[in-house]
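Protein sequences appear in the order of chains P, R, B and A. Converting from the first sequence to our numbering requires adding 6 to each position, the first position being numbered 1. Converting from the second sequence to our numbering requires adding 15 to each position, the first position being numbered 1. Converting from the third sequence to our numbering requires adding 1 to each position, the first position being numbered 1. Converting from the fourth sequence to our numbering requires adding 689 to each position, the first position being numbered 1. C-beta atoms are modelled at their ideal positions from N, C-alpha and C, and glycine is treated no differently. Data block below; observations after.
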Amino acid sequence: MSKTSIWTFKLSTAAIALIPAAIGINYLGKLFAGLLKLPLWLDSIGTVLASMLAGPIIGALSGIINNIIYGITVDPISTVYAVTSGAIGLVVGIMAYKGWLKNVKTAIVIGLVVGIVAAIISTPLNITFWGGQTGNIWGDAFYAFLVSHNFPVWLASFGDSFVVDVPDKIATVIISYFIFRGLPNNFNTIFRGSDKIEEL
Amino acid sequence: MNSIEVTNLSFSYTPEIDVLKGIHLKLDGETTAIVGQNGAGKSTFVKLLKGLLRPTEGEILLNGKNTKDYTVASLAKEIGLVFQNPNDQIFKNTVIGEVMFGPLNIGQDEQKAKEKSIEALEKVHLEKYLETNPYDLSLSERKLIAIASILSMDPNIVIFDEPTMGQDYAGKETLKEIIFELRNQGKLVLCILHDMDFAAEVFERTIVFNQGKVLIEGPSRDIFAQKEILEQAYLEQPYVAQIADELGLKGSYATDEDLLRALKEE
Amino acid sequence: MSTMTLYVEKNSILHNTAPLTKVLYVMVSIAITYLIPEIAFVLSVAIITLLLLILGKVFRKIVPILGLSIILILSIIIVQGFFHPQNQTILFSIGFVTFYKEGLSYAALLTLRVMNMIMSFGILILTTKHDELVEAMIKKGLSPKIGYVLLSVLQLIPQMRTTMAKITDAQRSRGMETEGSLLVRMKAFFPLIGPVVLNSINITRERAIALEVRGFSSNQKRSFLNISKEYRYQTAIQVILWLTLAAAIVWRILTWLS
Amino acid sequence: MAIIKVENVKYKYPDTDKLVLNDMTFDVEQGEFIGLIGKNTAGKSTLCFALAGLVPHFFKGAYGGKVLVNGLEVRQHEIGEISPHVGLVFENPFSQMTGSKYTVYEEIAFGLENMGIDREIIVNRIEESLELLDITEIKDKNPFDLSGGQMQRVAIASVIALKPSILILDEPTSQLDPQGTEEVFKVIENLTKEGITIIMAEHKIDKMAGYTDRILLIHEGKLIDFDTPAKLFSREDLQDYGIIAPAVTRISQSLGIQNKENGLYPVTLKELSREMGDKR
Numbered sequence: 007m008s009k010t011s012i013w014t015f016k017l018s019t020a021a022i023a024l025i026p027a028a029i030g031i032n033y034l035g036k037l038f039a040g041l042l043k044l045p046l047w048l049d050s051i052g053t054v055l056a057s058m059l060a061g062p063i064i065g066a067l068s069g070i071i072n073n074i075i076y077g078i079t080v081d082p083i084s085t086v087y088a089v090t091s092g093a094i095g096l097v098v099g100i101m102a103y104k105g106w107l108k109n110v111k112t113a114i115v116i117g118l119v120v121g122i123v124a125a126i127i128s129t130p131l132n133i134t135f136w137g138g139q140t141g142n143i144w145g146d147a148f149y150a151f152l153v154s155h156n157f158p159v160w161l162a163s164f165g166d167s168f169v170v171d172v173p174d175k176i177a178t179v180i181i182s183y184f185i186f187r188g189l190p191n192n193f194n195t196i197f198r199g200s201d202k203i204e205e206l
Numbered sequence: 016m017n018s019i020e021v022t023n024l025s026f027s028y029t030p031e032i033d034v035l036k037g038i039h040l041k042l043d044g045e046t047t048a049i050v051g052q053n054g055a056g057k058s059t060f061v062k063l064l065k066g067l068l069r070p071t072e073g074e075i076l077l078n079g080k081n082t083k084d085y086t087v088a089s090l091a092k093e094i095g096l097v098f099q100n101p102n103d104q105i106f107k108n109t110v111i112g113e114v115m116f117g118p119l120n121i122g123q124d125e126q127k128a129k130e131k132s133i134e135a136l137e138k139v140h141l142e143k144y145l146e147t148n149p150y151d152l153s154l155s156e157r158k159l160i161a162i163a164s165i166l167s168m169d170p171n172i173v174i175f176d177e178p179t180m181g182q183d184y185a186g187k188e189t190l191k192e193i194i195f196e197l198r199n200q201g202k203l204v205l206c207i208l209h210d211m212d213f214a215a216e217v218f219e220r221t222i223v224f225n226q227g228k229v230l231i232e233g234p235s236r237d238i239f240a241q242k243e244i245l246e247q248a249y250l251e252q253p254y255v256a257q258i259a260d261e262l263g264l265k266g267s268y269a270t271d272e273d274l275l276r277a278l279k280e281e
Numbered sequence: 002m003s004t005m006t007l008y009v010e011k012n013s014i015l016h017n018t019a020p021l022t023k024v025l026y027v028m029v030s031i032a033i034t035y036l037i038p039e040i041a042f043v044l045s046v047a048i049i050t051l052l053l054l055i056l057g058k059v060f061r062k063i064v065p066i067l068g069l070s071i072i073l074i075l076s077i078i079i080v081q082g083f084f085h086p087q088n089q090t091i092l093f094s095i096g097f098v099t100f101y102k103e104g105l106s107y108a109a110l111l112t113l114r115v116m117n118m119i120m121s122f123g124i125l126i127l128t129t130k131h132d133e134l135v136e137a138m139i140k141k142g143l144s145p146k147i148g149y150v151l152l153s154v155l156q157l158i159p160q161m162r163t164t165m166a167k168i169t170d171a172q173r174s175r176g177m178e179t180e181g182s183l184l185v186r187m188k189a190f191f192p193l194i195g196p197v198v199l200n201s202i203n204i205t206r207e208r209a210i211a212l213e214v215r216g217f218s219s220n221q222k223r224s225f226l227n228i229s230k231e232y233r234y235q236t237a238i239q240v241i242l243w244l245t246l247a248a249a250i251v252w253r254i255l256t257w258l259s
Numbered sequence: 690m691a692i693i694k695v696e697n698v699k700y701k702y703p704d705t706d707k708l709v710l711n712d713m714t715f716d717v718e719q720g721e722f723i724g725l726i727g728k729n730t731a732g733k734s735t736l737c738f739a740l741a742g743l744v745p746h747f748f749k750g751a752y753g754g755k756v757l758v759n760g761l762e763v764r765q766h767e768i769g770e771i772s773p774h775v776g777l778v779f780e781n782p783f784s785q786m787t788g789s790k791y792t793v794y795e796e797i798a799f800g801l802e803n804m805g806i807d808r809e810i811i812v813n814r815i816e817e818s819l820e821l822l823d824i825t826e827i828k829d830k831n832p833f834d835l836s837g838g839q840m841q842r843v844a845i846a847s848v849i850a851l852k853p854s855i856l857i858l859d860e861p862t863s864q865l866d867p868q869g870t871e872e873v874f875k876v877i878e879n880l881t882k883e884g885i886t887i888i889m890a891e892h893k894i895d896k897m898a899g900y901t902d903r904i905l906l907i908h909e910g911k912l913i914d915f916d917t918p919a920k921l922f923s924r925e926d927l928q929d930y931g932i933i934a935p936a937v938t939r940i941s942q943s944l945g946i947q948n949k950e951n952g953l954y955p956v957t958l959k960e961l962s963r964e965m966g967d968k969r
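Written as structure tokens, this is what we have:
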């Protein structure tokens, strides 16, 4: 594998065309999870896969644009979390590049890191915009519990995001890892952006 | 003998528009081609047979079993349907894994599933690609994998939706072998086709769908001789029939041999 | 039609306002409600936004969008009214549940902000065509490639949704169960999402080729088939909006200083 | 002068060992209609990509030899510079729609806008292409609401609008129904009258026989033969390359019906009926 630097990934046409696909995968992941009545969202599989395939920049773009699009077509509230989604793409892309995509165990670590980063970034957003809650019943119940036991708002809010994000992101990264590992070679090469053409 | 009996079958998504209307058919034994323009109701018909859609009216009996009384999953052993686009089903990273998915679902054990799958892959001549990723093969090869993934479940009735699309000469020959073999095993084979040459050459019986109804059905040779009726359904005659027509020969021709025999006699 | 959109075809003043002016309104109206945390002020901003929606003849369309946030709003009211750290003054009790004045007034502030946010977004998305918005942004310097991504997502997602039914049919035909215990349902997730991923990456590759041969990566300055619509008074409106934002910032700094 | 010159071209996809194009050499004259045949995986698509510059620029991998299109050496130029000379259309009409345009009219404009062509010229080019591909009636429809045949014609119109002198079609009808196939073949016939050089990979041999000037037969990355349909389909060894001759030719071969002047078998119904007429 001839990867150059992760930041100099040229935004090739293939990589750009991957972004709409990633957002579509996010969307269908969520629909299928709903269809099967799974207790998770699984709505960032596309973003995570895009990062694994084409690096942190494309991953981050997929995340950000995902929430903008969702905001202007379904629910404006979700635009607020564009930053969180972008960070998810960034973290996965960087960790994948640093060699953390070796096996299921390391994938779980990525999922954990992603979940924590997502919770850390969401916390100030939640505090600023809606006083610390997420609108998720379980998370908000946890928030109420913490606040009523005299924990500071920021910690309660972080706890709220943490219980919402971490399990979902771990599941998301594991699923994405299995899919990624199963991809044929010829899918990887076009997004890799290696510039070399050998002479024959 | 396997059989499909369809009585007074109608289907519609919305009350205003009938997709299928009053279909009566009895199929047993013979290989059958289903032809007709896009939107004539062919795909809807086979989805009804498969139990993926429920009739608005009428009944479907598969070997005496009324499809109403069974779930799709429980019918999987009785009737197999190969969809047009293999990309809508392929999700495993090896060919063998993909083909084994169905057999494992219907309760075959690992070893039997593997045996059946390898057998099915031999039939489509892809046995040397067991461990290959399906997406490292071409679309036409993936179509063959989809076919194998149904054959491995060993259903009594097999339906193909547009199997010849995008296949080259060798691919079509492979399909031909599979259809003949299934017939010899006593299975009932149905096939939606756009390729009239293939329909005429390979299938004993042909059903012409037009606007949700069966326009005509009978032995393929007779059907493909009827230029006017085919034109009514916006279909072309097979090339051999066209050649016969151009040369002013009377009668019905479905294969090269038919035509050659007639020409030599002359 | 196969496009995801909330756009409502009407003829109103808002429909005849430049997309970028509306974008600016969204940003300013949200920002000032956070800069100035006074209930009366936030309420009046929300009322202005509401009036604009009525002026744009799209008020009824915003109701279901507001409905999506009902859980968040209820949660804000209950949790803050109940547990807000500064709660002191008891307002009323229902059974054993006690609501406090401080918490409820904070909840009111938050709720008004959220509703204003959603409604001002509504002004933009209910009265603006996507392609016009994106083209306007490209002319302002947005990368045409990002513009392409934004527009294509809106059409490709509905396309992908139609494959969802096909995939489900194909896997059920191979005996896969989609109902039953959690384990059964979890096992069904891969056969469903797998084809979506593989198929869409495969199509991505083909589409990239189609884009390449049509000059997508060309460095030429792009031209536009559609001529931008002419709007009047836009500069004036935009200046007013910028001034409003500036005033709110000044107010904020002054309150800090005092 | 040859408009396409292919000299000893060799190519391997990245991370593979097999030469998909193995030392291919041939020339195509301006205005010719060339059929490209061979079994699946013979290298037809790769050859099409090589002529349009996607091989090697898009796919990378290992490359050798030279492809000249309209005097331009493909290896030395970017795809963006090649595409005004060479248009490429492939089998899946759906993935050729950009997705970012809401009408057929705008879809056709996509490439022209990217190349920064003046608005007045864009409008003219669109009108011309609409007419040539017989899709003026559907110009205001959403590309995704079309039938396969219509969508494929929009795809062709979109590259034709760039005024390429060469058009490459890689199995443009293999995913279409008979009606869509017929529509596409009809407009391709129109295009040949415009003086455009056409190269079309296709399995529908019977249709190809009547349309093409010459046929290029390839097998496992190698060029086997490049000749007129009559000569090529009269070869005895076609089956070795996974090809079957047109029905007319098969019948003629079995009956021994040959053209008296050159000893070749007929490839179209018309030719057959002429030879038969002479015989009777």
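By the DSSP assignment, the beta strand (DSSP E) with V756(A) in it spans what residues?
Taken as a continuous stretch (DSSP letters only), the beta strand (DSSP E) holding V756(A) covers G750 to V758.
Could you give the DSSP three-state label for R924(A): helix, strand or coil?
Correct three-state label for R924(A): coil.
Taking the DSSP output, what are the residues bridged to Y101(B)?
Note: Y101(B) sits in a beta bridge opposite I91(B).
Taking M16(R) as the reference, give the member of I32(R), K36(R), F26(R) and E45(R) with the closest Cα.
Of I32(R), K36(R), F26(R) and E45(R), the residue nearest in Cα terms is E45(R).
Leaving out five residues before and five after T140(P) in sequence, what residues of the same chain have Cβ atoms less than 7 Å from its Cβ?
Excluding sequence neighbours, T140(P) sits near N132, D146, D166, S167 and V170.
Taking 7 Å as the cut-off, does the CB of D916(A) come closer than this to any heavy atom belonging to the ligand ATP?
As far as ligands go, the structure on display features none, and thus does not contain the ligand ATP.
Report yes if the CB atom of L708(A) is closer than 8 Å to the CB atom of V698(A), and no otherwise.
Cβ distance not < 8 Å, so L708(A) and V698(A) don't count as in contact.
Take N73(P) as the anchor and find which of W243(B), V154(B) and T90(B) has the nearest alpha-carbon.
Looking at the Cα atoms, V154(B) is the closest of the given residues.
Please classify F93(B) as buried or exposed, where buried requires at least 16 neighbouring CB atoms within 10 angstroms.
Classification for F93(B): exposed.
Measure the CB-CB distance between S154(P) and F190(B) and report whether it falls below 8 Å.
No, the Cβ-Cβ distance between S154(P) and F190(B) is not below 8 Å.
Would a C-beta distance cut-off of 8 Å place G195(B) and L127(B) closer than the cut-off?
Taking 8 Å as the Cβ cut-off, G195(B) and L127(B) do not qualify as a contacting pair.
I855(A) lies in the beta strand (DSSP E); which residues open and close that run?
I855(A) -> beta strand (DSSP E) spans I855 to D859.
L67(B) and I119(B) - do their beta-carbons sit closer together than 8 Å?
Yes, the Cβ-Cβ distance between I119(B) and L67(B) is below 8 Å.
Nearest chain R C-beta to I168(B) closer than 8 Å, yes or no?
Answer yes: the Cβ-Cβ gap between I168(B) and chain R drops below 8 Å somewhere.
How should H131(B) be labelled, buried or exposed, when 16 other C-beta atoms within 10 angstroms of its C-beta is the threshold for buried?
By the 10 Å Cβ count, H131(B) comes out buried.
Got a sec? Which residues, its chain only, sit under 6 Å from M138(B) by beta carbon, not counting five neighbours each side?
So the list is empty, once near-sequence residues are dropped.
Does any C-beta atom of chain B lie closer than 8 Å to the C-beta of F116(R)?
F116(R) counts as touching chain B.
Report all residues from its chain with a CB closer than 8 Å to the CB of D237(R); omit the five preceding and five following residues, and keep chain order.
For D237(R), where only same-chain residues beyond five positions count, the Cβ hits under 8 Å are S267.
Anything in the stretch 107-137 of chain P with a Cβ closer than 8 Å to a Cβ of chain B? List those residues in chain order, please.
Under the 8 Å Cβ criterion, the stretch 107-137 of chain P contributes T134, F135, W136 and G137.
Which first and last residues belong to the alpha helix (DSSP H) in which P86(B) is found?
Counting along the chain, P86(B) falls outside any alpha helix (DSSP H), and DSSP gives it neither H nor E.
In chain B, what lies closer than 9 Å to S164(R) by C-beta?
The contacting residues are R175.
Whole angstroms is fine: what's the gap from P234(R)'s alpha carbon to T221(R)'s?
Looking at the two C-alpha atoms, the distance is approximately 6 Å.
Considering only DSSP beta bridges, list what S25(R) is partnered with.
Note: S25(R) sits in a beta bridge opposite E72(R).
Can you name the residues of chain A whose CB is closer than 7 Å to the CB of R267(R)?
In the sequence as displayed, the identity of residue 267(R) is Ser instead of Arg. Simply none; closest approach about 16 Å.
Are the CB atoms of L958(A) and K920(A) within a distance shorter than 8 Å?
Contact flag unset, no.
Please classify K9(P) as buried or exposed, where buried requires at least 16 neighbouring CB atoms within 10 angstroms.
Low local confidence applies: a pLDDT of 46 at K9(P) is under 50, so the model's placement there is unreliable, and no value is given.
Nearest to F106(R) by alpha carbon, out of F98(R), V97(R), F116(R) and Q99(R)?
With distances taken between Cα atoms, F106(R) lies closest to F116(R).
Our contact map puts A185(R) next to K728(A) with C-beta atoms below 8 Å; I'd like the distance itself, whole angstroms only.
The Cβ separation is near 6 Å, so the contact holds.
Just mark N191(P) as buried or exposed, buried being the case when its beta carbon has 16 or more other beta carbons within 10 Å.
Looking at its Cβ environment, which holds fewer than 16 other Cβ atoms inside 10 Å, N191(P) is exposed.
Starting from E177(R), follow the beta strand (DSSP E) in both directions and report where the run begins and ends.
That residue, E177(R), is in no beta strand (DSSP E); it is neither H nor E in DSSP.
Name the chain A residues that come within less than 7 Å of V9(B), Cβ to Cβ?
Ordered by position in chain A, no residue passes the 7 Å Cβ test against V9(B), which lies about 16 Å from the chain.
Assign W257(B) to one of two classes, buried (16 or more other C-beta atoms within 10 Å of its C-beta) or exposed (fewer than that).
The residue is exposed, with fewer than 16 neighbouring Cβ atoms inside 10 Å.
For Y700(A), which beta-bridge partners are listed by DSSP?
Y700(A) is bridged to L710(A) and Y752(A).
Please list the residues of the stretch 173-206 of chain R that have a C-beta atom closer than 8 Å to any C-beta atom in chain A, keeping them in chain order.
Listed by position, the residues of the stretch 173-206 of chain R near chain A (Cβ gap below 8 Å) are M180, G181, Q182, D183, Y184, A185 and G186.
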